[in-house]
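Positions 48 to 396 (the numbering used here) are the ones given, in order, by the sequence shown. Each residue gets a CB set at the ideal place from its N, CA and C atoms; glycine is no exception. Working notes, structure below.
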Amino acid sequence: MASMIPPSRDCCGASWEKYSTNCVSTDSAAKRSRRGPGSSSPRHQPERSRSMSQRLQMLQVARLSRRTLGDAAADVATFIRSTAVAEGGFANRGGRRDLYYTSFALDALVALDALDVDDPHTLRTREWLRSFGDGGMLDFVHRCCLARAWASQPVGSLPDEMRRAIAATFAPHRAADGGWASRRSAPRGTAYGCFLAANAHADLRLDLPNPSGLADSLENLRSADGGWSNEPGQAEGSTTATAAAVATLRSLGRSVPAGIDAWFLARRHPAGGFVAAADAPIPDLLSTAVTLHALDALDAPWREWREDVLDFLDTLWTNVGAFHGSWADDEPDAEYTFYGLVALGHASV
């Protein structure tokens, strides 16, 4: 396997439920670097009803991956384009056109500055997105992906009335406890559902209804070890659920419990990545990307292991310009390649 890391790297300035973040900007990354790894920032911000866009924050970090990728960034764009479907959109691992993978493919191209909004395929993709209307026939996850995919398109591509119509279809997924869940009329929300709902409203540039109810729902999902789970009363939190909860709370300006940075650092694997659960035998790319995202948001001191993280990411890199999800994963795809860009972006500053 060819290495993605050039010799000069030292000079460089999911699947969330399957494994059961507010992120640093370019400017704040530079400020953190000047402060040093031991510095910390306040855990509380003014509360907001419109969440900060996690998509835009992840994109800002993913763009930084080009510092390390160098010329290999073109290989990543080529891989993503290789998953394009002629009629518009992008394919999943089975070769079928898929909204979920399309949303990741579009964002990967945006991060690489490789999405031509006037390209014939992009125009066909927009027509395909229009065919879903308000997304009412889709499940909750794919409706959120529809909102995310539209967010990658030029402003004005999605009329205001359709933005509001898509958001209206989320209402049945508001849980009785004020959170959000993938299934309708659920008694309680999940960390993943709250994360998706907050992001989708931000992608649609709309206020999130009753953000306090969402925060209360997340409080009920705290695990005994200090993390979060998608179910209440759990002894141990999952890495992805905890990252989702932290990202959602911070995007709404809510406080994050002290010590959560240490919780994430305890999930570090000696090989350089982060694990999905305390007893997981190997690290994986999704857990690594979202953990780094959370740690940088919290100004946590993880950079003494930066070289180990880069080495781990290198083991998941393929010579076709893509990333595997873990050492047990044989096939790269657009989703994990996007998370590879996010993780690499965090490790590139």
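Q) In this structure, does DSSP put residue 76 in helix, strand or coil? A) Taking the sequence shown and counting its residues from 1, one reaches residue 76 at position 29. Here the model assigns residue 76 a pLDDT of 41, short of 50, so the residue's position is not dependable, and the following value carries that caveat. Looking at residue 76 - three-state DSSP - the assignment turns out to be helix.
Q: For residue 336, I'd like the list of residues in its chain whose CB is within less than 6 Å of its CB, leaving aside the five on either flank, ordered along the chain.
A: Sequence index remark: in the sequence shown, residue 336 carries index 289 (1-based). Taken in chain order, the residues that qualify are 386, 389 and 390.
Q: For residue 112, count neighbouring C-beta atoms within 10 Å of its own C-beta (all shown protein chains included) and say buried if the count is 16 or more, exposed if not.
A: Position 65 of the sequence shown, counting from 1, holds the residue named residue 112. Flag for residue 112 reads buried.
Q.
So, at 6 Å on beta carbons, what are the nonlocal neighbours of residue 80 in its own chain, with the 5 sequence-adjacent residues on each side left out?
A. Position 33 of the sequence shown, counted from the first residue, corresponds to residue 80. For residue 80, the predicted model reports a pLDDT of 36, less than 50, meaning its position is unreliable and no value from the coordinates is stated.
Q) Touching or not, the stretch 205-217 and the stretch 180-190, by the rule of three or more beta carbon pairs under 8 Å? A) yes
Q: Return the CA-CA distance between residue 285 and residue 109, expressed in angstroms with no decimal places.
A: If you number the sequence shown from 1, residue 285 lands on position 238. If you number the sequence shown from 1, residue 109 lands on position 62. Going from the Cα of residue 285 to the Cα of residue 109 covers about 23 Å.
Q | Beta-carbon contacts of residue 174 that lie in its chain and below 8 Å, excluding the five residues immediately before and after | A | Sequence index remark: in the sequence shown, residue 174 carries index 127 (1-based). Once the five neighbours on either side are set aside, the close Cβ partners of residue 174 are 135.
Q: Report the rounded CA-to-CA distance for residue 325 versus residue 171, giving the unit in angstroms.
A: Working through the sequence shown from its first residue, we reach residue 325 at position 278. Working through the sequence shown from its first residue, we reach residue 171 at position 124. If I take the Cα positions, the gap works out to 44 Å.
Q: Pull up the distance between the alpha-carbon of residue 362 and that of residue 232, whole angstroms please.
A: Start at 1 with the first residue of the sequence shown, and residue 362 comes out as number 315. Start at 1 with the first residue of the sequence shown, and residue 232 comes out as number 185. One C-alpha to the other measures close to 43 Å.
Q.
Would residue 257 and residue 268 qualify as a contact pair, given that the criterion is a beta-carbon distance under 8 Å?
A. The residue given as residue 257 occupies position 210 in the sequence shown. The residue given as residue 268 occupies position 221 in the sequence shown. No, these two residues do not count as a Cβ contact at 8 Å.
Q) Is residue 259 closer than 8 Å to residue 37 when the C-beta atoms are compared? A) Residue 37 is absent from the model: the chain starts at 48 and stops at 396.
Q. Using a Cβ-Cβ cut-off of 8 Å (strictly less than) and excluding sequence neighbours within five positions of residue 271, which residues of its own chain qualify?
A. For the purposes of this step, residue 271 is identified with residue 224 of the sequence shown, where counting begins at 1. Hits under 8 Å: 281, 282 and 283.
Q: Taking 8 Å as the threshold, find out whether the stretch 351-368 comes into contact with the stretch 289-308 through three or more Cβ pairs.
A: no
Q) Rounded C-beta distance between residue 192 and residue 229? I'm assuming under 8 Å. A) Sequence index remark: in the sequence shown, residue 192 carries index 145 (1-based). Sequence index remark: in the sequence shown, residue 229 carries index 182 (1-based). With a Cβ gap of about 12 Å, residue 192 and residue 229 do not count as contacting.
Q) Taking the DSSP output, what are the residues bridged to residue 370? A) Counting from 1 along the sequence shown, the entry for residue 370 is found at position 323. Bridge partners of residue 370: 364.
Q: Going by DSSP, name the residue or residues bridged to residue 138.
A: Here residue 138 is taken as the residue at index 91 of the sequence shown, counted from 1. DSSP, once it has assigned bridges, lists 144 as partnering residue 138.
(Q) Between 114, 102 and 261, which has its C-alpha nearest residue 393's C-alpha? (A) Within the sequence shown, the letter at position 346 stands for residue 393. For residue 393, the nearest C-alpha among the options comes from 114.
**Q.** Identified DSSP bridge partners for residue 331
**A.** As a position in the sequence shown, residue 331 is number 284, starting the count at 1. Its beta-bridge partners are 321 and 373.
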